[in-house]
Amino acid sequence: MAELLAQGAVWGVLLTLGAFALGTLLQKKTGRAWCNPLLLGSLFVVLFLRLTGIPYPDYQASAGPVSWLLLPATVSLAVPLYEQWEALRKNAAAILSGIAAGVLVSVGAILVLAWAFHMDRAAAVSLLPKSVTTAIGSDVSGELGGIPALTTSIIILTGVFGNLTAQAVCRWFRVTDPVAKGVGIGSAAHAIGTARAMELGPVEGAMSSLSIAVAGILTALLCPLAANLLP
33 MAELLAQGAV WGVLLTLGAF ALGTLLQKKT GRAWCNPLLL GSLFVVLFLR LTGIPYPDYQ
93 ASAGPVSWLL LPATVSLAVP LYEQWEALRK NAAAILSGIA AGVLVSVGAI LVLAWAFHMD
153 RAAAVSLLPK SVTTAIGSDV SGELGGIPAL TTSIIILTGV FGNLTAQAVC RWFRVTDPVA
213 KGVGIGSAAH AIGTARAMEL GPVEGAMSSL SIAVAGILTA LLCPLAANLL P
């Protein structure tokens with residue numbers, strides 16, 4: 033089967049879409065928050081590759097067209113932001129301050145972990161951009177000598193974790209303002225978290241969309257400085 037699939041051009045795309053669709057179906061059937069389609073879909077793909085013995089590079093090459101949609105999908109998040117322009121204008125200072133605080137905490141936490149556990153430099157650099165969208169994080173990691181594949185995995189796990197826990201965290205810390213919710217979710221869990229923010233409300237979704245872009249820029253600027261502080 034591995035040789036047969038390796039000769040195909042789009043089997044990776046079909047496998048990816050099928051795995052995601054199956055994950056979505058299971059989430060609807062179970063109603064469980066932890067049945068995240070992205071998480072389940074990733075597990076299904078990994079299981080399929082293990083059972084068939086197909087090398088990951090073959091799958092990555094075949095599923096390449098899916099990744100091309102990442103940037104357009106991220107740019108499209110500007111639509112809800114435009115619809116909530118008045119809320120952005122009124123809360124601009126607080127929003128930008130919140131995003132900056134989120135980026136500093138994210139990068140600072142990795143620095144603390146790297147120092148505390150004497151992490152390998154390449155691994156630590158790979159973790160620095162964990163809270164931004166994959167399109168930015170993997171490039172930042174590669175430029176700084178990190179491992180883009182590891183960065184991509186960590187970014188996805190961070191997003192899934194944020195998606196699953198966003199509502200609970202807001203409830204535990206009594207965060208009720210929709211702008212604050214959106215900024216927190218977008219700064220910590222990028223596009224995957226933003227999907228949950230949009231479910232909470234239009235303001236939350238718009239502010240989370242903005243946070244993705246601003247946090248990505250700030251992280252790209254801050255990571256080289258943070259990398260110089262690594263052991």
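Per the numbering used here, the very first residue in the sequence shown carries number 33; after that it's consecutive. For glycine and all other residues, C-beta sits at the position ideal for the given N, C-alpha and C. Small disclaimer: the values here were computed from a predicted structure and weren't measured.
Helix or strand or just coil, what does DSSP make of A155?
On the sequence shown, position 123 is the one that residue 155 refers to. Note: A155 maps to helix in three-state DSSP.
Can you find the residues in the same chain that come closer than 7 angstroms, C-beta to C-beta, to P234, ignoring five residues on each side of it along the sequence?
On the sequence shown, position 202 is the one that residue 234 refers to. Here the set comprises P112, E115 and Q116.
When burial is assigned at 16 or more other CB atoms within 10 Å of the CB, is T190 buried or exposed?
Working through the sequence shown from its first residue, we reach residue 190 at position 158. Its Cβ being crowded by 16 or more others within 10 Å, T190 is buried.
Go ahead and label K61 buried or exposed: buried means 16 or more other beta carbons lie within 10 angstroms of its beta carbon, across all protein chains shown.
The sequence position of residue 61 within the sequence shown is 29, counting from 1. With fewer than 16 Cβ atoms within 10 Å of its Cβ, K61 is classed as exposed.
Determine the burial state of G140: buried for a count of at least 16 other Cβ atoms within 10 Å of its Cβ, exposed for fewer.
Translated into the one-based positions of the sequence shown, residue 140 becomes position 108. G140 should be labelled exposed.
Within the same chain, show all residues whose beta-carbon is closer than 7 angstroms to that of L58, passing over the 5 residues directly before and after it, in chain order.
The residue you call residue 58 lines up with position 26 of the sequence shown. Cβ neighbours of L58 beyond the five flanking positions: C67 and L72.
Mind checking T165: buried by the 16 CB within 10 Å criterion, or exposed?
The count along the sequence shown starts at 1 and reaches residue 165 at position 133. The residue is buried, with at least 16 neighbouring Cβ atoms inside 10 Å.
contact_flag[the segment 139-159, the segment 222-236] where n(CB pairs < 8 angstroms) is 3 or more
no
If I168 sits next to G55, beta carbons under 8 angstroms apart, how far is it from one beta carbon to the other, in whole angstroms?
Looking up residue 168 in the sequence shown gives position 136. Looking up residue 55 in the sequence shown gives position 23. In fact, because the Cβ distance is near 25 angstroms, the residues do not count as touching under 8 angstroms.
So, do the segment 129-139 and the segment 212-220 have three or more beta carbon pairs nearer to each other than 8 angstroms?
yes
Return the CA-CA distance between F80 and T184, expressed in angstroms with no decimal places.
Within the sequence shown, residue 80 is the residue found at index 48, counting from 1. Within the sequence shown, residue 184 is the residue found at index 152, counting from 1. C-alpha separation (whole angstroms): 20 angstroms.
Can you grab the Cα-Cα spacing for the pair S170 / E118, in whole Å?
Taking the sequence shown and counting its residues from 1, one reaches residue 170 at position 138. Taking the sequence shown and counting its residues from 1, one reaches residue 118 at position 86. Each residue's Cα considered, the two are about 33 angstroms apart.
Closer than 6 angstroms by C-beta to G214: which residues in its own chain qualify, once you throw out the five before and the five after it? Chain order, please.
As a first step, residue 214 must be located in the sequence shown, where it is residue number 182. Contacts found: A229, E236, M239 and S240.
Quick one: is P210 buried, meaning 16 or more other Cβ sit within 10 Å of its Cβ, or exposed?
Translated into the one-based positions of the sequence shown, residue 210 becomes position 178. Buried is the call here.
Proximity to S243 [Cα-Cα], best of L83, A212 and I188
Counted from its first residue, the sequence shown places residue 243 at position 211. Ranking the options by Cα distance to S243, first place goes to A212.
To the nearest angstrom, report how far apart L262 and G134 are at their CA atoms.
Locating residue 262 in the sequence shown gives position 230, counting from the first residue. Locating residue 134 in the sequence shown gives position 102, counting from the first residue. Each residue's Cα considered, the two are about 20 angstroms apart.
When you compare the CB positions of W43 and S94, do they come within less than 8 angstroms of one another, or not?
For the purposes of this step, residue 43 is identified with residue 11 of the sequence shown, where counting begins at 1. For the purposes of this step, residue 94 is identified with residue 62 of the sequence shown, where counting begins at 1. A contact, by the Cβ cut-off of 8 angstroms.
Distance between Q199 and R82 (C-alpha atoms, nearest Å):
Here residue 82 refers to the residue found at position 50 of the sequence shown. Here residue 199 refers to the residue found at position 167 of the sequence shown. If I take the Cα positions, the gap works out to 34 angstroms.
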